[in-house]
Amino acid sequence: MTLQSYNLSWSDQLIDRVETHLRDVHSALLEYYESRGYDTEVERRHVATTKAAATGSRDERERATESAAAAVPLDAVSPAGSFLLRTCVHDTPFPDMHAQRGVGADLVLSIPAHRCTAADMKSGLYLERRQSFLDEIHAYLEQLVSGAGKRASIEAATATAADSLERSDEDKEKGSATSSHGKEAAEMSVDAAARLSRMEVRVVPMHGCYALGEKQILQLRFRRRRVTANTHETFLVNLHFRPSVFPAHAVNAAAVRKHPYYSYCILEDYLIPHYLKKLHEVCIASTSVRRAIVVLKCWAHHSGLMSAASGHPEALNGFIIAAMLLRLLEEGILTAGMSLENMVRAVWVQLSRGFFLGTSEAAGNGVIRPAKVPVAEEQGEVCVLRFAGEPHNILFRTSTAFFTHVVCPAAEEALQHPLAIEVVDRVAFQPLPLRYDVALTVQLHGAVTAAAATMDRSPVAMTKRAVWRAPQVEALQDTLRVLKEALGVRCSFTTAWQIDADRLHVVVQLTSEAEGRNRLTRGPPIEDTSAVDRFNAFWGTGLTSTRQFSDGAIYRCVLWTFPEDQGTHTTVGLSASTVLRRVVECALRAHVAPEAEVSVLLGGLEGYLAERVGGEWRDAAPLMQRSLLEATKAVQYMLQNLPRGSVPCRIVSFDVISASERHAEVFPVRPHLALTYTTDDLADASFAGLSTAPTIEPIHCVLSIDDNHKIPDTMEAIALMKGAIAAQLAKTLQAHYGERSSTGTQSRKSRKKGAESTSSSSDVVRSPIRTQCTSQSVDIIYRGYLFRVYIAHYREVSLLRALQRDTEANVLEMKLHWTAQHAKFMRTIAFGHHSFSHAVRLAKRWMSAMYLYEFVQPEAVELLVAHAYLQPAPHAPKTPAGGFLRFLQLLATHDWSTPLVLPFTDDDSDKTAVAAAALLRKLGDQQGMFIATPYAPAASPFTVLTPRLMIMGRLVQLAQSVVTVLLRHLEGHNATAGEVEAFTSSPCAFDFSMQLHPRLVLQPDRTLSIGAAAPSVASWEPETAHRSGATSAFSEVDARVAEEAAAAANMVIRIWQLDELDADTNGREYINQLVEREPAAHAVRVVRAALRERAMMFYDALAPSSLYVVSVSAERQAARSRQLHDAILQVGRGALLPAPPSAFTPDVDTAHGASTTVRTRPPLENGDEDVRGGSQRHRDAPARHQGKAASYCPGDALDKKVKAAARPHSQPARKRSRSSKEQRSSTTAVVEGARTKRAKEEAAVKVGPDMAAATTSAVGGKRSQKTPKLKKVSAK
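So the sequence shown is residues 1245 to 2520, counted in my numbering.
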């Protein structure tokens, strides 16, 4: 990510297009002013506060203010904003959002004097008059758009076809012409009408903040389709409004002190041209100043300080950033001759020191402060940014608390980087809600709206109210006070702002992670009776209780219990976001809104980690964390306390490499019913979340051994020795920790030793184990878990490399060596960051939902998430949603042609990056990702084989689109649920999809549904059969398939327990059949291997339900998709269900639907039925080419160039398909001939012998002509 991601490239074409839109709107508005008789030129006065105004009497102050206002002519409709200064920047670094948000310019409209007089402003009617004129302009522009649309259509109808083809969309945007002046003016008017007809008029609040709805602007949006891409480019023209009359009595010092917010609102509008002139003069004089403004805007957007992105009314905007720099130039802290780097860092230094906090020490001594300022400025509640000699405070909406806790820390963090540009390059984009530890969304069900409606907004109240906040913000202060009292010492800073009529965003900065997760809210000491009464009144006597602490002090407290605690069996407490959510919800329901609902921002993403556990949907991780920890400790104890001499080698280490052990598995391993005994108490907490699925997921472990060179250096000898060690280890463990025989065959000494060992290990090993072994591993069954222990020998990898079997060596080293190192590294990160494990699980689930999880190693996903958590403390994510978003940002913005070096990889990261880059060049161009880690700084073991470049490109594309969705959801502008969109893959990216047979889906509760992309056979078949007129035989076959699928989905599978089967034969075979049983993955691998040259196939690896197919061809053709569909059905042998006809063509006719229905039916066993099916296909074949290909989505599809490059590899498959078609057509022709002969012979019996003989001879002649074709086919 670079600064160029924010910066606009001001090309001549872009400038011409924006100026063209400005001219169109400017001309239309001037025409309206003239038609209504409004003045097209008004007077502008410079508002200033002189020395006399600061020290004289009231009359002298007012006269001095008026005398300092010199009249200057100004157009009623004049340009404004940063477009004229070329300091516009994008508000996000993501190109997908640039086209949606747009770029544009600003116009300021002067309200006619008779529409808003000085008396109106003095009486407090300015905002009403302003809104009235805004509504008038809004109505006119709506009428103009409709009229322009009609005019453009009429002109387009009368224009000749040649002229319309000559002029492209680019020429219309430029408004250029080469004919005479009269014709040029006529064509330009036509083009202007066409452009205005595409205009969309919106009423939006000031700075994009919902809480500033009392001051609105008009936003004109022009959408233009790009020539090179299937996207729209958006141009904006913002219309601001200012009074034409100088409001002397409403903006003097006394008025500002009396009603600061109202006076500052007037000055904010009136001084727009004045501030534009000042900025223009400075930017023209110094290029460094203009570039510094651009860099500071990019920094503010990147750090989440801008109100346009977050909607916070106290946040900054582009004009405030430029005004801060101008103010420092006035003070002399900055000079126009400073370099860009020094100028930007000087601004950050002053921001970190609180220059604009309003104190006399911070503001400097060279500024003339007005004699009377608002009470909020005197008390230090509001920031101050006032130019020399002017009464207007530009920062009148920003509180000192927000500036101190948001802006100042962001400046301090920016100063930590050696170069200013690194703030954008090396730090991820952070929206305001994700800068802090906890972000909540509050639904108040009208409580805020009711509070705002009860406020007195009459003109008298506006001129007498001494508040400095907007009415909507002031109405929220009671809610904010409740939040601060409820959180107490848990947080160091809390802010809340309204994002729509009924929702709030609340962000909290915790004092510490432990304090945020604390279940106890400590109140006042019991001796302070008045404070105790207030505490009881706030929380309610039903929640509060008196508790004594270890130091002897007695306090009134609240001990919280939450619904999330029910059924949990975990060693990890609830997260701070969950605790704060419940605390805040309780306080708001008691004091603000009885029906208040509080949710964690983007907390709905964690719902994708839920599965069915018993009779409820929930995350299974809290259920099994403690039981898995205890079982892991027991297995470690067994292996560490093996009798001496039981294993003929030294055990070096034992590592649990399963992701479930470090809480990073999407669906963690749960105790399984088949791994328990009938005598076990399944109601015990250690068996919580017991699984009854027809598959067992083992917990993988690695046992490293050292033989001291006793084993010969051959692969065969090592394999034999590993098998012998596995057998001996299983036998020893079973003898010491397995079920004890009661036959008394053991000697007294051995029974005594066994009793001693049993008593010593009873605290750790609570149940008997069962073991079984293979040539590579040992299976240990303990309390519902199956630990699969692989034996690793340190010389195996070197021997494979010596034999030049590098691929096998890489795979073996990754599975047995690097995974152990990786597991240790991940545990250290998870120990310091509570949200890391949840973020990893979300990242894995998202990648699986995008059908790409099988192409990326799980360890690589964990490393990508760890990159964000290894950043310095201020930049590390605090929540799972924050970590997941940072993972997506890394995928979307990193240059994957270069290595990703994790922080703290080495003492000198640059040297490590250079070494990794050199290695990357040696590996070739097919490696799509390289991650340098602390345990492997010069190697990337988990990305050597996957992902490839094509998959990496797809991942980057998906990450960019999902980041856009989530950011819009964070801002509250997304009408639909952002979490659903983020985890939904578009069906348009694939040619068609086919459902897996329900019997292959072993855990259907984990499946994510993508809507109607792949409906079940039972849902579409009756309608299709009725519409297509298919034969009854086919309907019966498909009905049987649907019934079988439904029966399989509802089938209950009997699970046998350990002591119900023979341990030596049936039990071991039964367990082996259930362990790692993946029939869906096996079916996909079989189909993919058979048709790899014709299609690419994807599926959800964590929760398989359907197979999604993309044919390897340059174009999407329905006929080719049907052929591929039939081939998959044939290869799958019932593992995949037929796709409905709508999967190929959304709109089909009856004939096409009939042919498709016949072709997608399963093969029949009866030969006669096959013959009839073949004849039916032969009759319907001419109708197949009539259908059209389904609509294609280029944005979501795979790259067409990749498909085109893969096309030559599919030639053998095409030849085989062509030969099979010829054979089927020849066979069908013979069957048709036989049918025709039989029919004619029957007719001949009725007609006569002469006709019958003639018919027989004719048929014989035809048969003789067809015989050579059959021989040729059989020869093939």
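All C-beta atoms, glycine included, are put in the ideal place defined by N, C-alpha and C. Keep in mind it's a predicted model, so treat the numbers as computed, not measured.
DSSP three-state assignment for residue i, whether helix, strand or coil
i	result
Ala2083	helix
Gly1348	strand
His1484	strand
Trp1861	strand
Thr1936	coil
Leu1258	helix
Leu1818	coil
Ala1927	coil
Thr1739	strand
Glu1656	helix
Leu1684	strand
Arg1442	coil
Leu1511	helix
Ile1638	coil
Leu1409	Annotation note: pLDDT 44 at Leu1409 (below 50); position unreliable, no value reported.
Cys1360	coil
Cα-Cα separation between residue i and residue j, rounded to whole angstroms
i	j	result
Arg1713	Gln1375	19 Å
Gln1792	Trp1804	16 Å
Phe1647	Gly1602	11 Å
Thr1738	Tyr1981	55 Å
Tyr1799	Gly1786	16 Å
Arg2198	Ser2229	12 Å
Pro1504	Val1321	28 Å
Thr2063	Pro2185	9 Å
Ala1553	Ile2315	55 Å
Arg1894	Lys1954	11 Å
Leu1846	Leu2211	10 Å
Cys1627	Ala1929	56 Å
Tyr2097	Leu2189	14 Å
Met1882	Gln1869	20 Å
Met2194	Leu2351	19 Å
His1545	Val1538	11 Å
Pro1956	Leu1964	11 Å
Bridge partner(s) assigned by DSSP for residue i
i	result
Met2341	Val2353
Leu1318	Val1286
Arg2250	In the DSSP output, where bridge partners are listed per residue, Arg2250 has none listed.
Asn1251	Val1333
Ile1949	Ile1895 and His2037
Thr1790	Arg1800
Distance between beta carbons of residue j and residue i, contact taken as under 8 Å
i	j	result
Ala1324	Asp1350	5 Å
Ala1436	Asp1260	14 Å between Cβ atoms; not a contact.
Ala1908	Arg2085	6 Å
Arg1778	Gln1687	Actually they do not touch by this definition, with Cβ atoms about 28 Å apart.
Leu1659	Val1750	At roughly 29 Å, the Cβ-Cβ gap does not stay under 8 Å, so Leu1659 and Val1750 are not in contact.
Ala2324	Leu2240	5 Å
Phe2069	Thr2177	7 Å
Within-7 Å CB hit, residue i to chain B
i	result
His1503	In summary, chain B is missing from the structure at hand, where a single protein chain is found.
(request) Indicate whether the contact test is met: 3 or more Cβ pairs, each with one atom in the stretch 2042-2057 and one in the stretch 1866-1882, closer than 8 Å. (result) no
(message) When you compare the stretch 1754-1770 with the stretch 1815-1827, are there three or more beta-carbon pairs, one atom per stretch, that lie closer than 8 Å?
(response) yes
(request) Mind the definition here: the stretch 2348-2366 touches the stretch 2236-2247 only if three or more C-beta pairs lie below 8 Å; say whether that holds. (result) yes
(message) Would you call the stretch 1765-1775 in contact with the stretch 1572-1590, where contact means no fewer than 3 C-beta pairs closer than 8 Å?
(response) no
(message) Any contact between the stretch 1522-1535 and the stretch 1320-1334? By contact I mean 3 or more CB pairs, one from each, below 8 Å.
(response) yes
(message) When you compare the stretch 1549-1569 with the stretch 1672-1682, are there three or more beta-carbon pairs, one atom per stretch, that lie closer than 8 Å?
(response) yes
(request) Tell me, please, whether the stretch 1635-1642 touches the stretch 1557-1567 by the rule of three or more beta-carbon pairs shorter than 8 Å. (result) yes
(message) Between the stretch 2099-2110 and the stretch 1660-1672, can you find at least three pairs of beta-carbon atoms closer than 8 Å?
(response) no
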